[in-house]
Amino acid sequence: MSALGIPAVINDFNAYRSGNVLVGVTGEVTLPDLEAMTETISGPGILGEIDEAIIGRFSSMELEVPFRVLEEDIFTLFTPTSPIDLTLRAAEQYTDKTTSAVDYKGMRVVVRGIAKKLTSGTLKQGGTMDSSVTIELTYYMVEINGDTKVELDKLNGIYKVGGTDLLSKIKKLC
653 MSALGIPAVI NDFNAYRSGN VLVGVTGEVT LPDLEAMTET ISGPGILGEI
703 DEAIIGRFSS MELEVPFRVL EEDIFTLFTP TSPIDLTLRA AEQYTDKTTS
753 AVDYKGMRVV VRGIAKKLTS GTLKQGGTMD SSVTIELTYY MVEINGDTKV
803 ELDKLNGIYK VGGTDLLSKI KKLC
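The sequence shown runs 653 to 826 under this note's numbering.
If you want it as structure tokens, here you go:
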């Protein structure tokens, strides 16, 4: 679709925990960075050093879910002994290059993990509290228009990009 469409904006999104809409989430959730773990290699045949990415191994990933105020839903997320299964659903607006018509495609981001931080925020008359829950992620998946673009499951040894299992050869060898 990107060849025919010019991506514009996220028109709207919702956050769900176990199928229920989370109330009080602010208008912005920053998705986690996927940063490969690396090992520096050097020696004969290499002019200097190279930080080699270790395929399928990633640094810690966090997702902060911001809330306007302390609501019931923030406390349902902040239970360090219960895993969190969170789904973000968005409508991405784009312009069709051939017709100039505005259209939409779906985006779904699924994360799983455990709460590791509660930011209670501030109390101010007439203001938001800017509370949040930070989740340590063990699972991350991005789907666009029904196609899985990236899936990383740290606990079950899954790392796929564009539907290709990048660990399949390693699994056969081990």
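Cβ atoms here follow ideal geometry from the backbone N, Cα and C, with glycine treated the same way.
Predicted model only: the values in this text are computed from it and were never measured.
Supposed contact pair residue j and residue i - C-beta distance, whole angstroms, cut 8 Å
| i | j | result |
| --- | --- | --- |
| V794 | L715 | About 12 Å; that fails the 8 Å criterion. |
| L686 | L804 | 7 Å |
| V677 | V717 | 6 Å |
| Y792 | G708 | With 8 Å as the limit, Y792 and G708 do not qualify as a contact, their Cβ atoms being about 13 Å apart. |
Continuous alpha helix (DSSP H) stretch holding residue i: start and end
| i | result |
| --- | --- |
| F727 | E724 to L729 |
| S820 | S820 to L825 |
Where the beta strand (DSSP E) containing residue i begins and where it ends
| i | result |
| --- | --- |
| T771 | V754 to T771 |
| I736 | I736 to D748 |
| D685 | Where D685 is concerned, there is no enclosing beta strand (DSSP E), given that its DSSP letter is neither H nor E. |
| G708 | E701 to F710 |
Per-residue DSSP class, three states only, for residue i
| i | result |
| --- | --- |
| G798 | coil |
| D720 | Sequence check: residue 720 is Arg here, not Asp. Reduced to three states, the DSSP call for R720 is coil. |
| V673 | strand |
| P732 | coil |
| S784 | strand |
| N808 | coil |
| T690 | strand |
| L656 | coil |
| T790 | strand |
| I698 | coil |
| L715 | strand |
| T774 | coil |
| T678 | coil |
| T751 | coil |
Cut-off 6 Å between Cβ atoms - residues of its own chain near residue i, not counting five sequence neighbours on either side
| i | result |
| --- | --- |
| G657 | Y746 and D748 |
| L674 | A667 and D725 |
Close-in-space but distant-in-sequence residues of the same chain around residue i (CB under 7 Å, 5 per side omitted)
| i | result |
| --- | --- |
| F719 | G676, V677, T678, I726, S783 and S784 |
| E788 | S712, E714, G765, I766 and K768 |
C-beta atoms of residue i and residue j nearer than 8 Å
| i | j | result |
| --- | --- | --- |
| L740 | A667 | yes |
| D799 | A743 | no |
| G809 | K801 | no |
| L770 | T790 | no |
| M759 | I796 | yes |
Neighbour flag for residue i against chain D, beta carbons, 8 Å
| i | result |
| --- | --- |
| F730 | Among the protein chains of the structure shown there is no chain D, as only one such chain exists. |
Heavy atom of the ligand NAD within 7 Å of residue i beta-carbon
| i | result |
| --- | --- |
| R720 | Of ligands this structure carries none, so the ligand NAD is not represented either. |
Spatial neighbours of residue i in its chain, beta-carbon cut-off 8 Å, leaving aside the 5 residues before and after
| i | result |
| --- | --- |
| E701 | T692, I693 and S694 |
| T690 | D703, E704, A705 and I706 |
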